[in-house]
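Numbered according to my numbering, the sequence shown spans residues 4 to 83.
Using N, Cα and C, we set each Cβ at its ideal position, and we do this for glycine too.
Computed from a predicted model, the values in this text were never measured in an experiment.
Data block below; observations after.
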Amino acid sequence: MPALSGRAAPTACPKSHSPAVKLPGTVKSGGLAEVLYDRMALYEELEHLVSQLFVLFAEARTSPTWGTAVVPALRAWAVA
4 MPALSGRAAP
14 TACPKSHSPA
24 VKLPGTVKSG
34 GLAEVLYDRM
44 ALYEELEHLV
54 SQLFVLFAEA
64 RTSPTWGTAV
74 VPALRAWAVA
């Protein structure tokens with residue numbers, strides 16, 4: 004996993020402006036530090052999932068079969 008150096012620190016969102024993504028798993032109840040570390044671990048898991056999805060997309064998009072197999076399959080799926 005890439006290092007976090009050079010990235011801005013995440014800021015807290017007010018309840019009315021919470022992100023539209025659900026964390027994988029659930030946050031355990033407990034002390035403030037425990038809940039914070041649990042949420043951090045879940046966000047890292049989410050970041051890893053999104054990164055892996057992007058890698059899979061990039062591999063498919065740059066493959067020779069993109070135009071002949073993937074695009075027709077996507078079109079068929081979109082009209083189904």
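Query: For proline 75, the first and last residue of its enclosing alpha helix (DSSP H); Result: 74-82
Query: Distance CB(alanine 61)-CB(valine 73) smaller than 7 Å; Result: no
Query: Glycine 70 - DSSP class collapsed to helix/strand/coil; Result: helix
Query: Candidates Ser54, Met43 and Val24, of which the one nearest lysine 31 by Cα; Result: Met43
Query: Supposed close pair leucine 52, valine 24 - CB separation, criterion 8 Å; Result: Their Cβ separation, rounded to whole angstroms, is 11 Å, which puts leucine 52 and valine 24 out of contact at 8 Å.
Query: Local conformation of serine 32 per DSSP, three classes; Result: coil
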